[in-house]
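Protein chains in written order, with this note's numbering: chain D, 1 to 160; chain R, 161 to 320.
Reviewing the structure listed below.
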């Protein structure tokens, strides 16, 4: 994918954490996910379609998921329950939604968020799409953002 | 979600397995996923958007994933590698694609497939969406299909 597509997602992640959670992110080194970057315990995923198809994955370590959900729910979350996964899905939705608005030429629409939880899993993209992965630190623990996009004008013209 | 939306996915799953894999499916009892139906080791997920948003999850036990991929790759797959996850993503894509064509009024478009692999994970839908889960047996082992859809005319009219 083209690297310029990643910047709107980084900006929207920073804005979302700042405005929703009063949390400043420290960005780590951007990498391609060829080597399967580590995924954390709670991952919100959003599918994208339009003049491009792709997926955004916002993967939070347990501590970040609980602290973020506590902020959003206005009560202390101590376990990964439906309220917490809904909160993480909503964060992924906000990140994808704001980035979509910036990437106007791609005419993206976004799917429902799903949240994957567990201690032993990987999220794989199709092998012809190389997602970009950016690790961040939050002060509450690590998180990562992965974005994989493939531009598909031909598909759009065919009406899919 | 309305139960009539599930039938195109069931038909397309049956057709995909019959035509691509020469495999007849035996359908188990349809259930709501409120109790978190078991998810198998390799799950292809596809996001849907349009006049509805949602997700399709095709979750295959290890044996089914390997046998299905072996059929598609024309060589024996013995471990869950990128070729196998690409094959499972492609199966999910075919199931979603054929169902989308039947559900014309929802004007769905589909995202890239992602494939989640692992022995310990759950895939959660937003708590305001109750996905429908259908287990199947293949002769090669079990699989399940989960579909969660929420109709969003208001969103579509707002241009998202």
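Ideal Cβ positions, reconstructed from N, Cα and C, are used throughout, including at glycine.
| task | Consult DSSP for residue 171 of chain R and reduce its assignment to one of helix, strand or coil. | result | Three-state DSSP puts residue 171 of chain R in a helix.
Original post:
So what's residue 139 of chain D in DSSP terms, helix, strand or just coil?
Top reply: coil
Helix, strand or coil: how does DSSP classify residue 253 of chain R here? helix
TODO: Name, please, each residue of chain R whose Cβ falls closer than 8 Å to the Cβ of residue 55 of chain D.
DONE: 207, 271, 272 and 274
Task: CB-CB length for residue 176 of chain R against residue 232 of chain R, believed under 8 Å - done: That pair is no contact at about 11 Å.
Notebook entry, point to check: Considering only residues of the same chain and omitting the five flanking positions on each side of residue 181 of chain R, which have a CB-CB separation below 6 Å?
Noted result: 228 and 231
Here's a check: name, in chain order, each residue in its chain whose Cβ is nearer than 7 Å to the Cβ of residue 53 of chain D, leaving out the five neighbours to either side. Cβ within range, chain order: 150 and 152.
Status (buried if at least 16 other CB within 10 Å, exposed otherwise) for residue 158 of chain D: In this prediction, residue 158 of chain D has a pLDDT of 48, which is less than 50 and means its spatial position is unreliable; nothing more can be read from the coordinates.
Item to complete: Name, going along the chain, the residues of the stretch 279–296 of chain R whose beta-carbon falls closer than 7 Å to a beta-carbon of chain D.
Response: 279, 280, 281, 282, 283, 284, 285, 286, 287 and 289
**Study point:** residue 93 of chain D beta carbon near the ligand FMN (any heavy atom closer than 7 Å)
**Key:** Among the components of this structure there are no ligands whatsoever, and the ligand FMN is therefore not found.
*What number of angstroms, rounded off, separates the C-alpha of residue 303 of chain R from the C-alpha of residue 199 of chain R?*
8 Å
- Query: Ends of the beta strand (DSSP E) at residue 204 of chain R?
  - Reply: 202–209
### Query
Quick one: which chain D residues come within Cβ less than 7 Å of residue 246 of chain R?
126 and 127
8 Å Cβ cut-off: residues of chain R touching residue 82 of chain D:
284 and 287
- Message: Let me confirm a value: residue 261 of chain R is counted as buried when at least 16 other C-beta atoms fall within 10 Å, else exposed. Which label applies?
- Response: exposed
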